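From first to last, the protein sequence lines stand for chains A and B.
Each step along the first sequence adds one to the number in numbering that gives the first Met the number 0, with nothing skipped, and position 19 is 18.
Each step along the second sequence adds one to the number in numbering that gives the first Met the number 0, with nothing skipped, and position 121 is 120.
Idealized CB from N, CA, C, for every residue including glycine.
All figures in this text were calculated on a predicted structure; none of them were measured in a lab.
Everything below concerns the one structure shown next.
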Amino acid sequence: MSEKSGRAIPRPSVYVDTAPFWQAAARGKLVLQYCKDTGRFQHYPRPVSIYTGSRNLEWREVSGKGEIYAYTVVRVPGPGLEGRLPLLVVTIQLDEGVRIIGNVLGAEPEELAIGRRVELTWDQLGEDVQYPAFRLV
Amino acid sequence: MKTDIVIAGYAETPIQYKSGRSAYDLAGEAMAALLEATGVDARDIDGLSVTAPLSESPNPFFAVYMTEALGLEPTWLNYGGNGGCSATGGVARAASAIRDGHCEVALVLSADAPSTAWRSNYGAYRSEFQDPPGVQGPPASFGLLMSRYRHQYGLKTEALGKIAITQREHALHNENAYQKFRTPITMTDYENSRVIADPLRLLDCVMFCDGANAFLVTTERRAKDMGLTRMVYPTAFAEVTNFAGRESLADITQTGFSVVAPKVYKQSGLTPKDIRMFHPYDDFTIAVMMCFEEFGFCKRGQGADFTLDTDISFRGSLPLNTGGGQISAGQPGLASGGLNLAEAVRQMFGDGGARQVENPRNALVTGIGVIPYARNWSVSAAMILEA
C-alpha cells in the first residue's frame, strides 16, 4: 500500500525518542506523552513537558476516543497524497484532554462535523508500520 | 507621541513568479533602489537585519554572506527567523540596537525567491506527526482553523470574498504586483474558485513568488543630517511567539494578536478608531478578518459583518492592504512581512499614486509567522507608524 500511495514511512525518533509511540502503534495501541508533574498529556512529543519544562515524562496509553474539534478536506495533490484525495483531515480532541491531527477513514466529506464522536483505527503505512487514524462512531 | 527613531526610506522590487533569480540578487536590487531613493552612501550603513529566506535556508551564514554580497560592514547584525514578522521585527530590533549604540543607520532587508528555489526543510516533528495525516502546508492548517471559526461564529463567504476582491482592485494600481494578478475578480470568480482545503478557496490564498524589500532605520537627527525629509515614526511594536503553546486545549480562534494589540495601542496612545489604514499580514483572507476582531475594529466573531459594513478600499474609512497585499501582489516568500510594511510607508510618504490614501497620518501593520501543529499561527507582531 505504501508503494502504491507513495507515502513515506516515517523514521522514528527524528526529533525526540518516539520509539514507544511506534512500538505501541505496531500493537494497535495509541500512547502519548504524559507529564507526571501536572497529570496532563501533550502531543506532538517534546523533549520536555510544555507545562513545566521538566523531563518528568512518560508514555501512557489513551483511549483513542474523542470528538472532532476542527476538520478540513484536502482536495489538491501533494507529495504522499496520491490516491488519498479527497483526504479527510481532522483535529481530534481526545477524551484525555489533548488534541491530535489525523485522518478520518471510511467516511464521506459530508459526514464530518465538529463535535462528532470518533474512535481509534489504524492506517497501514507499511508491513509493520501503522499510524493512528479515526473513524466516526 | 513621537520617538527618536524613524524609517527614513523604503524600496521594493517588483514581485515575480519563478524569476530565476536569487535572494541575494533581489536584495541587491532592493538595496540599490533604497540608496538611490534616499541618496544615502552605502558606507554609512552600519547595521543590517536580514530575514531568513526559504530559498537559502540551508546556509546558516546567510546573513553574513549577505553582508559580503552587498559590500556592507555592519557593527550590528540581526538574522530574523520569525517568518512574516521579520520585517517589522527587524525594524523594532534595529531601533533597540540604535538606542543601545550598536549602530546608527540600519538596513532592514528581506529577500526570498521560493518560487525559483525552495530549499527549506522544517525537520523536527513534521515527518513523524504532521506529514502522515497529509498536513503538508498552511492550506490544510487554515482549512482546520476556518472550520473551527465557522463552528463558533459562523462564516460569511461574501465577507472573505470582499477582502479578496478589494485587495485585487488595489493590486491593479500597484505596478510592483505580480503581473498575472493585475486583473479584476468578481464575487462569482471568488465563489467559483477551487476549494483547496474546505472551506478554503484558491482565491483566499497567497501564492509563493520572488521579491525583496528594504527599509532604512535611523535616528530622526541622523536622518535630517543626511538631508532626508521623508520619514515615519514607528511609535509602537509588540510581538509574541508560540502563543498558547503551553496549552493543549486552546481556543484556536484566539491568536497572539490578542496579546499584541493592546500593547501597541497602549504604546502609541491610539485606539482602533484612530487607525487611518490597516496593512495586516494576509496569507489567507480569514487571517485578515480575524485581525479586524483582534485589533478591536469589531468584536470577536463580528469580523464578517464589519468587513461587509466597512469601506475597506483605499478611498474608504479603513483602507486595507492598499497595494493588493500578499494575496493579490504575490507573496515574496518570507520577505512577505515587508510587503505590507512597504505599502504602509509608501502611503505615508505620499507615493501611493493612483491608490493614494488621503491624509495617511498613521498605519497599523501586522505580521504572522510559522504555522504550528493544530493551532493557528506561532508568531504575531504588530507595528504602528505615525507621521
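- Here the region 338 to 352 of chain B makes no contact with the region 188 to 208 of chain B; the two share fewer than three CB pairs at distances below 8 Å.
- Residues of chain A with a Cβ closer than 7 Å to the Cβ of Y16 of chain B do not exist, since the nearest Cβ in that chain sits about 18 Å away.
- Interface flag for P76 of chain A against chain B is unset, since no Cβ pair is found closer than 8 Å.
- L47 of chain B is not a Cβ neighbour of E157 of chain B, given a cutoff of 8 Å.
- With a contact defined as Cβ atoms closer than 8 Å, R118 of chain B and E55 of chain B qualify at about 7 Å.
- Within the region 322 to 352 of chain B, the complete alpha helix (DSSP H) segments of 4 residues or longer fall at 324 to 328, 335 to 347, listed in chain order.
- Residues of chain A with a Cβ closer than 9 Å to the Cβ of Y124 of chain B are, in chain order, V13, Y14, V15, T17, Y43, P44, R45.
- Nearest to W75 of chain B by C-alpha distance, out of B:N375, B:N81, B:R92, is B:R92.
- Interface criterion met: the Cβ of A7 of chain A is under 8 Å from a Cβ in chain B.
- Judged by beta-carbon spacing, R134 of chain A lies within the 8 Å limit of V103 of chain A, meaning their Cβ atoms are closer than that value.
- When C-beta atoms of the region 14 to 29 of chain B are compared with those of the region 99 to 112 of chain B, three or more pairs fall below 8 Å, so the two segments count as touching.
- Inter-residue distance for L84 of chain A and R10 of chain A is about 24 Å (C-alpha atoms, whole angstroms).
- Contact of G96 of chain A with chain B is assigned, a C-beta pair being separated by under 8 Å.
- Here G27 of chain A carries a coil assignment [DSSP, helix/strand/coil].
- The beta carbon of A24 of chain A sits no closer than 8 Å to any beta carbon of chain B.
- Excluding the 5 residues flanking it on each side, T120 of chain A has same chain C-beta neighbours closer than 7 Å at L104, A132, F133, R134, in chain order.
- Beyond the five residues adjoining it in sequence on each side, C290 of chain B comes within less than 7 Å, by CB distance, of F256, P279, T365 in the same chain, given in chain order.
- For P131 of chain A, there is no enclosing alpha helix (DSSP H); the enclosing beta strand (DSSP E) covers residues 128 to 135.
- Sequence-distant partners of C208 of chain B (beyond 5 residues in either direction) whose C-beta falls short of 7 Å from its own C-beta, in its chain, are I14, Q15, Y16, S114, Y177, G329, Q330, P331.
- Between R6 of chain A and L124 of chain A, the CB-CB gap stays under 8 Å.
- Under the criterion of beta carbons closer than 8 Å, S247 of chain B and Q32 of chain A do not qualify as touching, at roughly 11 Å.
- Within the same chain, and ignoring the five residues on either side of G96 of chain A in sequence, the residues whose Cβ sits closer than 7 Å to its Cβ are R39, F40.
- Within the model, the alpha-carbon separation for E238 of chain B versus V259 of chain B is close to 6 Å.
- When secondary structure is reduced to three states using DSSP, C290 of chain B falls in the helix class.
- R92 of chain B sits in a helix when the DSSP states are folded into three classes.
- When secondary structure is reduced to three states using DSSP, Q253 of chain B falls in the coil class, being assigned neither helix nor strand.
- When C-alpha distances from A7 of chain B are compared across B:N58, B:A105, B:F60, the shortest belongs to B:A105.
- Under the DSSP assignment, V5 of chain B falls in the beta strand (DSSP E) whose first and last residues are 4 to 11.
- Around the beta-carbon of K272 of chain B, fewer than 16 other beta-carbon atoms lie within 10 Å, marking it exposed.
- For P233 of chain B, the enclosing beta strand (DSSP E) stretches over residues 232 to 240.
- A direct Cα-Cα distance of roughly 21 Å separates S327 of chain B from M347 of chain B.
- A residue is called buried when at least 16 other Cβ atoms come within 10 angstroms of its Cβ; G323 of chain B meets this threshold and is buried.
- According to the DSSP secondary-structure assignment, C34 of chain A is paired through a beta bridge with A:R39, A:L56.
- Within the model, the alpha-carbon separation for E109 of chain A versus G142 of chain B is close to 15 Å.
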